[in-house]
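This report refers to the structure that appears directly beneath it.
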Amino acid sequence: MDRSQKILIGDLRAVARLIRDIDDGQPEAREILKKLYPKTGRAYIIGITGSPGVGKSTLVDCMIQVLRARGKTVGVLAVDPTSPFSGGAILGDRIRMQRHSTDEGVFIRSLATRGHFGGLTASTRGAIAVLDAMGKDYILVETVGVGQDEIEIVRAAHTTMIILVPGMGDDIQAIKAGILEAGDVFVINKCDREGAEKTRQELQMMIEMDKDRKVKAGWKPPIFATEAIKNQGIDALMTGIEEHRTFLFQKDAAYFERFQLDRARMELFDLVKQDVVQSVMENLTRTGQWDEFIRDLVQKKTDPYSLSEQIIARYLDGCKVS
Ligand SMILES: Nc1nc2c(ncn2[C@@H]2O[C@H](COP(=O)(O)OP(=O)(O)OP(=O)(O)O)[C@@H](O)[C@H]2O)c(=O)[nH]1
Ligand SMILES: [Mg+2]
Numbered sequence: 063m064d065r066s067q068k069i070l071i072g073d074l075r076a077v078a079r080l081i082r083d084i085d086d087g088q089p090e091a092r093e094i095l096k097k098l099y100p101k102t103g104r105a106y107i108i109g110i111t112g113s114p115g116v117g118k119s120t121l122v123d124c125m126i127q128v129l130r131a132r133g134k135t136v137g138v139l140a141v142d143p144t145s146p147f148s149g150g151a152i153l154g155d156r157i158r159m160q161r162h163s164t165d166e167g168v169f170i171r172s173l174a175t176r177g178h179f180g181g182l183t184a185s186t187r188g189a190i191a192v193l194d195a196m197g198k199d200y201i202l203v204e205t206v207g208v209g210q211d212e213i214e215i216v217r218a219a220h221t222t223m224i225i226l227v228p229g230m231g232d233d234i235q236a237i238k239a240g241i242l243e244a245g246d247v248f249v250i251n252k253c254d255r256e257g258a259e260k261t262r263q264e265l266q267m268m269i270e271m272d273k274d275r276k277v278k279a280g281w282k283p284p285i286f287a288t289e290a291i292k293n294q295g296i297d298a299l300m301t302g303i304e305e306h307r308t309f310l311f312q313k314d315a316a317y318f319e320r321f322q323l324d325r326a327r328m329e330l331f332d333l334v335k336q337d338v339v340q341s342v343m344e345n346l347t348r349t350g351q352w353d354e355f356i357r358d359l360v361q362k363k364t365d366p367y368s369l370s371e372q373i374i375a376r377y378l379d380g381c382k383v384s
């Protein structure tokens, strides 16, 4: 049995090894992913994002419990680019979700993406594909932060959940650009804290003002209040996620088709971007040319525009910078 077949029958050691190889950027992992790709597309993917410490892992733990009670199998990926060596955060995730560690229907892994150029999005997609191919019904992807990188990561999700906590007024302003449009479902966690209602109102106002395509298409992102440490508000949240799922799949055929096309487009775009930059950079750095270019720039011997055009002409034969 080859490695891809082992994934398909859910061999846990093979799955763990493949995800590690993806994280390490092993070329062999890519070959296996090629074989698995046609077998993916069954799982429902939920992206969970929010600033450090808002309670993402605690919520994920609650969500696992609900999904397991419904007889669903669950894969969890904790993506943590900030701690390249399994540091505190990931250790914390493991502990928080430990009660599920002996459950065969749950598979939890963390990704740190060690040692290669900006490959976090591709690695996360790869790891999601592995969990999908092994047959998990739901895949929960936790990413830390509310910036551009996280938006890229959550583009692989069907439903994107953005988590805030009370009294994050500044944070709400900060997420205004970009991430608000990415949110399908909003959660205000730690509702035991003061200011939950005010945060909800601020967020509500921003959603009302938002003129993006999702709202136009007829989905108005709901806001849920939770207290994850006490398992409060989770059922309503899960119902909200299911409603979004129904909306996505059943609104109308054209909407779903566009959603599928958008996702495939982004998937290929992200990968091409990563592959091109990575291979060109590897070449340039190996030959020492990159450092030369940088020195030339500092000494004003040339300009970055000409250099970039020169690089494109050399490495991407036939492509022109317009
Ligand atoms: N008061 C209160 N504390 C909570 C709640 N939910 C989680 N916490 C606590 O908040 C802390 C952070 O929770 P995590 O679930 O690790 O948060 P996270 O967003 O996954 O954190 P990172 O992965 O490090 O970004 C822990 O000490 C939790 O016990 C809540 O509803 N109320
Ligand atoms: Mg966490």
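Sequential numbering from 63 applies to the sequence shown in the working numbering.
Glycine included, C-beta positions come from ideal geometry on N, C-alpha and C.
Original post:
Looking at the unbroken beta strand (DSSP E) that takes in Val168, where does it start and where does it end?
Top reply: In this chain, the beta strand (DSSP E) harbouring Val168 covers Val168 to Leu173.
**OP:** Give a yes or no on whether the minimum CB-CB distance between Leu129 and chain B is below 9 Å.
**Re:** The structure shown contains no chain B; it holds only a single protein chain.
Subject >> Start and end residues, beta strand (DSSP E) containing Glu256 >> reply: Where Glu256 is concerned, there is no enclosing beta strand (DSSP E), given that its DSSP letter is neither H nor E.
**OP:** Tell me Thr222's beta-bridge partners as DSSP assigns them.
**Re:** Note: Thr222 sits in a beta bridge opposite Gly109.
**OP:** For Val227, collect the residues of the same chain with a Cβ closer than 6 Å to its Cβ; drop the 5 residues on either side in sequence, then sort them by chain order.
**Re:** Contacts found: Val116, Asn251 and Lys252.
Subject >> Burial state of Ser163 (16 or more Cβ within 10 Å) >> reply: When all chains shown are included, Ser163 counts as exposed.
Subject >> alpha helix (DSSP H) runs wholly inside the region 286 to 326, at least 4 long, in chain order >> reply: Whole alpha helix (DSSP H) segments, 4+ residues: 296 to 312.
Original post:
In the structure shown, what three-state DSSP assignment does Thr347 receive?
Top reply: Shown here, Thr347 sits in a helix according to DSSP, grouped into three states.
**OP:** Check the DSSP bridge columns for Ala131 and list the partner residues they point to.
**Re:** By DSSP's assignment, Ala131 forms no beta bridge with any residue.
**OP:** Return the first residue and the last residue of the beta strand (DSSP E) that Leu139 is part of.
**Re:** Here the beta strand (DSSP E) through Leu139 covers Val136 to Val141.
Original post:
Near Gly177, what residues of its chain come up, given a Cβ to Cβ distance below 6 Å and the 5 sequence neighbours on each side ignored?
Top reply: The pLDDT assigned to Gly177 is 47, lower than 50, so where the model puts this residue is not dependable; a value taken from the coordinates is nonetheless given after this. Cβ neighbours of Gly177 beyond the five flanking positions: none.
**OP:** Return the chain-ordered list of same chain residues with a C-beta closer than 6 Å to the C-beta of Gly150, the five sequence neighbours on each side being excluded.
**Re:** Since pLDDT at Gly150 reaches only 42, below the 50 mark, its modelled position is unreliable, and no value is offered.
**OP:** Within the same chain, show all residues whose beta-carbon is closer than 8 Å to that of Thr221, passing over the 5 residues directly before and after it, in chain order.
**Re:** Excluding residues up to 5 positions away in sequence, Tyr106, Ile107, Ile108, Gly109, Asp246, Val247, Ile303, His306, Arg307 and Leu310 lie with their Cβ nearer than 8 Å to the Cβ of Thr221 in the same chain.
**OP:** Ignore the nearest five residues each way along the sequence and tell me which others in Ala91's own chain have a CB closer than 8 Å to its CB.
**Re:** Around Ala91: Leu80, Asp83, Ile84 and Gly188.
**OP:** Please report how far the alpha carbon of Gly207 lies from the alpha carbon of Ser172, in whole angstroms.
**Re:** Rounded to the nearest angstrom, the gap between the Cα atoms of Gly207 and Ser172 is 16 Å.
**OP:** Please confirm whether Leu121 and Thr288 have their CB atoms less than 9 Å apart.
**Re:** Yes. Within cutoff.
**OP:** Tell me whether Gln370 counts as near ligand 1, meaning its Cβ is closer than 8 Å to at least one heavy atom of that ligand.
**Re:** What sits at residue 370 in the sequence shown is Ser, not Gln. Placement of the Cβ of Ser370 at a distance of 8 Å or more from every heavy atom of ligand 1 is found.
Original post:
How many whole angstroms separate the CB atoms of Arg342 and Ile296, which I take to be in contact at a CB cut-off of 8 Å?
Top reply: The question names Arg, yet the displayed sequence has Val at residue 342. With 8 Å as the limit, Val342 and Ile296 do not qualify as a contact, their Cβ atoms being about 46 Å apart.
Original post:
Are the region 188 to 199 and the region 132 to 141 touching, with three or more C-beta to C-beta distances below 8 Å?
Top reply: Put simply, the region 188 to 199 touches the region 132 to 141. At least three CB pairs are less than 8 Å apart.
**OP:** With DSSP collapsed to three states, give me the class of Val192.
**Re:** Looking at Val192 - three-state DSSP - the assignment turns out to be helix.
Subject >> Integer Cβ distance of Arg130 from Val168, believed to fall under 8 Å >> reply: With 8 Å as the limit, Arg130 and Val168 qualify as a contact, their Cβ atoms being about 7 Å apart.
**OP:** From the DSSP output, in three-state form, read off Ile373 for me.
**Re:** Here Ile373 sits in helix by DSSP.
Original post:
Using the C-alpha atoms, what's the distance from Gln361 back to Asp332?
Top reply: Taking the straight line from one Cα to the other gives about 34 Å.
Original post:
Apart from the five residues on each side of it in sequence, which residues of its chain come closer than 7 Å, Cβ to Cβ, to Pro366?
Top reply: If we look at Pro366 and ignore the five residues flanking it on each side, its Cβ neighbours are Leu359.
**OP:** Consider the C-beta atom of Ala140 and the heavy atoms of ligand 2; say whether any pair is separated by less than 8 Å.
**Re:** Yes, ligand 2 has a heavy atom inside 8 Å of this Cβ.
Original post:
In the structure shown, what three-state DSSP assignment does Val360 receive?
Top reply: Here Val360 carries a helix assignment [DSSP, helix/strand/coil].
Original post:
With 16 as the cutoff for other CB atoms within 10 Å, does Val77 come out buried or exposed?
Top reply: The C-beta of Val77 has 16 or more other C-beta atoms within 10 Å across all chains shown, which makes the residue buried.
**OP:** Check each candidate in Ile285, Arg132, Met267 and Arg65 and name the one with the smallest Cα separation from Lys97.
**Re:** Lys97 has its Cα closest to that of Arg65, out of Ile285, Arg132, Met267 and Arg65.
**OP:** State the DSSP-derived secondary structure class of Thr102, mapped to helix, strand or coil.
**Re:** Coil at Thr102, not helix or strand.
Original post:
Are there 16 or more other CB atoms within 10 angstroms of the CB of Thr183, so buried, or fewer, so exposed?
Top reply: Its Cβ being crowded by 16 or more others within 10 Å, Thr183 is buried.
Subject >> Thr183, DSSP secondary structure in three states >> reply: In this structure, Thr183 counts as helix in the three-state DSSP scheme.
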